[in-house]
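Enquirer: Protein chains in written order, with our numbering: chain A, 24 to 512; chain B, 153 to 247. Glycine included, C-beta positions come from ideal geometry on N, C-alpha and C. Here the structure is a predicted model, which is why all the values come from computation and not from measurement. First the structure, then my questions, so here it is.
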Amino acid sequence: MLNSSLQQISDALRGKKISSVELTQLYLNRIATFNGELNAYITVNPDISLAQARAADTMLANGNAQPLTGIPIAQKDIFCAKGWRTTCGSKMLHNFISPYDAHVITQFNNAGAVNLGKTNMDEFAMGSSNETSYFGAVKNPWDRTRVPGGSSGGTATAVAARLCAAATGTDTGGSIRQPAALCGISGLKPTYGVVSRYGMIAFASSLDQAGPMARSAEDLSLLLNTMAGFDERDSTSLQREKEDYARDLAKPLNGLRIGIPKEFFAEGLGSDVAQAVEAAITEYKKLGAKKVDISLPNSRLSIPVYYVLAPAEASSNLSRFDGVRYGYRAPEYTDLADMYEKSRAQGFGAEVKRRILIGTYVLSHGYYDAYYLQAQKIRRLIAQDFVEAFKQCDVIMGPTSPTTAFKLGEKGDDPVQMYLSDIYTIAVNLAGLPGMSIPCGFGANNMPVGLQIIGNYFAEAQMLNVAHQYQQATDWHSRMPLLEGVRND
Amino acid sequence: MSLTIDDVKKVARLARLAISEQEAQTAHAQLSGIFGLIAEMQAVNTIGIAPMSHAQDVIQRLREDKVTEDNQRELFQSIAPQIEAGLYLVPQVIE
Chain A
24 MLNSSLQQIS DALRGKKISS VELTQLYLNR IATFNGELNA YITVNPDISL AQARAADTML
84 ANGNAQPLTG IPIAQKDIFC AKGWRTTCGS KMLHNFISPY DAHVITQFNN AGAVNLGKTN
144 MDEFAMGSSN ETSYFGAVKN PWDRTRVPGG SSGGTATAVA ARLCAAATGT DTGGSIRQPA
204 ALCGISGLKP TYGVVSRYGM IAFASSLDQA GPMARSAEDL SLLLNTMAGF DERDSTSLQR
264 EKEDYARDLA KPLNGLRIGI PKEFFAEGLG SDVAQAVEAA ITEYKKLGAK KVDISLPNSR
324 LSIPVYYVLA PAEASSNLSR FDGVRYGYRA PEYTDLADMY EKSRAQGFGA EVKRRILIGT
384 YVLSHGYYDA YYLQAQKIRR LIAQDFVEAF KQCDVIMGPT SPTTAFKLGE KGDDPVQMYL
444 SDIYTIAVNL AGLPGMSIPC GFGANNMPVG LQIIGNYFAE AQMLNVAHQY QQATDWHSRM
504 PLLEGVRND
Chain B
153 MSLTIDDVKK VARLARLAIS EQEAQTAHAQ LSGIFGLIAE MQAVNTIGIA PMSHAQDVIQ
213 RLREDKVTED NQRELFQSIA PQIEAGLYLV PQVIE
């Protein structure tokens, strides 16, 4: 059952081969065994999960089940879930029991899915290694001395180690795709506006987007069918016809034009990653695709632009954490200003504070035009590069991350080095395009390599088709890390 | 243009973040590195380029001006650090 697709699990549940309670218990047992070492989950709540499983079994027995009914899904701890502790990886929210559900949570609840627990993440989704979590670093299940990537690192480890059937993530600058790549799983960041941000704790609102993380493109399509859709409570949610994201999975790839941006294969790319990605492109040629050389000349500017825009939006979003209505409040203070300053200084970790400082500075009087406005203008240049590129190709491919998973602590002291690990993913968020990562082999030290697939706006079904056809021809996505010696007991 | 330690302290105050001398110095070094990264942006010619704030050209939706939420004061205050008689308590601000 651990290696079955979501469709196979769904069929087994409907065919009464296994109950949702049995399946949920199976995963809860695995979490109890392996989570102490891997630290993929911040919170599990077996009582709630098993109650949802029993309700799902009733739906299944009554014949009114949907495709995800009874399937245990882990939720990144950025999604508010009623009655669940929702921490966003921060001391600031270490005691926050959400009084409401995020739209994504409501969608899964309505589908009858089981919430298996809340996965670990970089604090407020700010990080690329899952080392900034107040609840400790997550370990990569392929090598527990290495990072799982971030910020959705807990989700990536949980999916790779089979501690859930599938899970959710969010992606502001690569936070779904990079950990998916580093842990050898599949992850999709949809077009900005496809999945509602309601109840998803905000980092950089013009870039944040939720998406599914799972073991295959086929699984991703089922999850996205549940997650996507218009929600009036998110002012940036797009009003579009409901789509079936699985509709094109079986299409052959004859004539598919794959754009290869030369900037993604320049200096800084690890040779092991380059080799695996090039082998994947060769495989695509066998499947009938054609390679087209393209250029994204402004993509090198995406990191500077991102590190102005994202902190600016974060400094504004995180001003709500003031120790008054919820969350952490310092134990001692002299007056109101002192209470704010101490609560925030003690409640936020170093990386979050760093980004609040950058954001406050670039938005402050005298610097707004030079930084924020200039970054917004270059953002348009970056987006226009993609518009030009998609005149010549159907999808764009390249590496997701310049290297495979690095060692825990390796980039701890130098934020700039950490920021550079998102060099290939950030431009996609700035342009608001959909992007995904799928496993395409192993690099040095036998660590997984991710292939990034970037689609045009609203091309998720086509990207899932492109990924699925590759996964029919290869088996990288079905490889599983060995967990011997990881047991808690 | 370079960032000074006083800039760091001023920004920390604007952001309502208590910062020690030691933290200000560490933050100064790290922020200088980050602004070095950002500086690359300044050389780009953006004359005539409209700033992009949203990925799609969409119009801000408006909703009807009517109450849509139930009053859940007790539930919301159950997670507050300090309340009394249905009010959030903070240090006195008016003498």
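Please classify A/D512 as buried or exposed, where buried requires at least 16 other C-beta atoms within 10 Å of its C-beta.
Expert: Unreliable positioning characterises A/D512 in this predicted model, as indicated by a pLDDT of 42, which lies under 50. A coordinate reading is not provided.
Enquirer: When Cβ atoms are compared, which residues of the segment 389-405 of chain A fall closer than 8 Å to chain B?
Expert: If the cut-off is 8 Å between Cβ atoms, the segment 389-405 of chain A has A393, Y394, L396, Q397, A398, Q399, K400, I401, R402, R403 and L404 near chain B.
Enquirer: Measure from the C-beta of B/L166 to each C-beta in chain A and report whether the shortest distance is under 7 Å.
Expert: B/L166 counts as touching chain A.
Enquirer: For the beta strand (DSSP E) containing A/A20, list its first residue and its last residue.
Expert: Outside the modelled stretch of chain A, which goes from 24 to 512, sits residue 20 of chain A, for which no answer is possible.
Enquirer: A/K141 to A/T305, Cα distance in whole Å?
Expert: Approximately 38 Å, taken between the alpha carbons.
Enquirer: For A/G455, would you say it is in contact with chain B, using Cβ-to-Cβ distances shorter than 7 Å as the test?
Expert: Cβ-Cβ to chain B under 7 Å: yes for A/G455.
Enquirer: Mind checking which residues open and close the alpha helix (DSSP H) that includes A/G177?
Expert: Start and end: G176 to A183.
Enquirer: With distances taken Cα to Cα, identify the nearest neighbour of B/E192 among A/G478, A/P327 and A/T357.
Expert: Here the closest residue by C-alpha is A/P327.
Enquirer: Taking the alpha carbon of A/L139 as the point to measure from, which residue in A/K309, A/Q369 and A/R185 has its own alpha carbon closest?
Expert: Here the closest residue by C-alpha is A/R185.
Enquirer: Mind checking A/H500: buried by the 16 CB within 10 Å criterion, or exposed?
Expert: Its Cβ being crowded by 16 or more others within 10 Å, A/H500 is buried.
Enquirer: Answer yes or no: does any C-beta atom of chain B fall closer than 7 Å to that of A/K212?
Expert: False, the Cβ-Cβ gap to chain B never drops below 7 Å.
Enquirer: Quick check: the Cα distance between A/F33 and A/M250, rounded to an integer number of angstroms?
Expert: The sequence given here has Ser at residue 33 of chain A, not Phe. Taking the straight line from one Cα to the other gives about 17 Å.
Enquirer: Given a cut-off of 7 Å, decide if A/V296 and A/P422 are closer than it, judged by their beta-carbon atoms.
Expert: It is a contact, given that the beta carbons lie within the stated cut-off.
Enquirer: Hey, is the segment 306-315 of chain A in contact with the segment 440-453 of chain A, meaning 3+ C-beta pairs nearer than 8 Å?
Expert: Counting Cβ pairs under 8 Å, fewer than three are found: no touch.
Enquirer: Listed in chain order, which residues of the segment 199-218 of chain B have Cβ atoms closer than 8 Å to some Cβ of chain E?
Expert: Annotation note: the requested chain E is absent from the structure, which comprises protein chains A and B.
Enquirer: Closer than 8 Å is the cut-off here; do at least three beta carbon pairs connect the segment 196-213 of chain A with the segment 237-244 of chain A?
Expert: The segment 196-213 of chain A vs the segment 237-244 of chain A: in contact.
Enquirer: CA-CA distance, A/G172 and A/D417?
Expert: Each residue's Cα considered, the two are about 28 Å apart.
Enquirer: For chain B, find out if any of its Cβ atoms is closer than 7 Å to the Cβ of A/M362; answer yes or no.
Expert: Cβ-Cβ to chain B under 7 Å: yes for A/M362.
Enquirer: Kindly indicate if chain A contains any beta-carbon less than 7 Å away from that of B/G238.
Expert: No, no contact with chain A.
Enquirer: Sort out for me which residues DSSP pairs B/Q194 with in a bridge.
Expert: Paired residues: none, contrary to the question.
Enquirer: Report, in whole angstroms, the separation of the C-beta atoms of A/G222 and A/P425, which I expect to be a contact under 8 Å.
Expert: About 33 Å separates the two Cβ atoms, so there is no contact after all.
Enquirer: Run through the DSSP bridge pairs and tell me what A/K314 is partnered with.
Expert: Bridge partners of A/K314: A/I281.
Enquirer: Select from A/G176, A/A204 and A/L205 the residue whose C-alpha is nearest the C-alpha of A/T191.
Expert: Cα-wise, what sits closest to A/T191 is A/G176.
Enquirer: Nearest to A/L506 by CA position, among A/A160, A/T180, A/D100 and A/Y390, is which residue?
Expert: Minimum Cα distance to A/L506 is reached at A/T180.
Enquirer: How many angstroms separate the CA atom of A/V170 from the CA atom of A/K400?
Expert: Cα-Cα distance, rounded: 34 Å.
Enquirer: If you follow the beta strand (DSSP E) that A/F287 is part of, which residue opens it and which one closes it?
Expert: That residue, A/F287, is in no beta strand (DSSP E); it is neither H nor E in DSSP.
Enquirer: Please classify A/V137: does DSSP put it in a helix, a strand, or coil?
Expert: Strand at A/V137.
Enquirer: Assuming A/V44 and A/D80 are in contact, meaning their beta carbons sit under 8 Å apart, how far apart are those beta carbons, in whole angstroms?
Expert: 6 Å between Cβ atoms; contact.
Enquirer: Quickly, what does DSSP pair B/Y240 with across the bridge? List them, please.
Expert: The partner list for B/Y240 (beta bridge, DSSP) reads B/I235.
Enquirer: Could you tell me the distance, in whole angstroms, from the CA atom of A/F371 to the CA atom of A/Q201?
Expert: So the two alpha carbons sit approximately 24 Å from each other.
Enquirer: Using a Cβ-Cβ cut-off of 8 Å (strictly less than) and excluding sequence neighbours within five positions of A/K274, which residues of its own chain qualify?
Expert: Around A/K274: N488 and Q492.
Enquirer: Can you find a CB in chain B that lies within less than 7 Å of the CB of A/Y447?
Expert: Taking Cβ atoms only, chain B never reaches closer than 7 Å to A/Y447, which makes this a no.
Enquirer: What does A/K376 reach in chain B if we use C-beta pairs closer than 7 Å?
Expert: The contacting residues are L169.
Enquirer: Would DSSP call A/G370 helix, strand or coil?
Expert: If DSSP states are grouped into helix, strand and coil, A/G370 belongs with the helices.
Enquirer: Quick check on A/L474: does DSSP put it in helix, strand or coil?
Expert: Three-state result, A/L474: strand.
Enquirer: When we look at the beta-carbon of A/H388 and count the other beta-carbons within 10 Å, is it buried (16 or more) or exposed?
Expert: Burial call: exposed.
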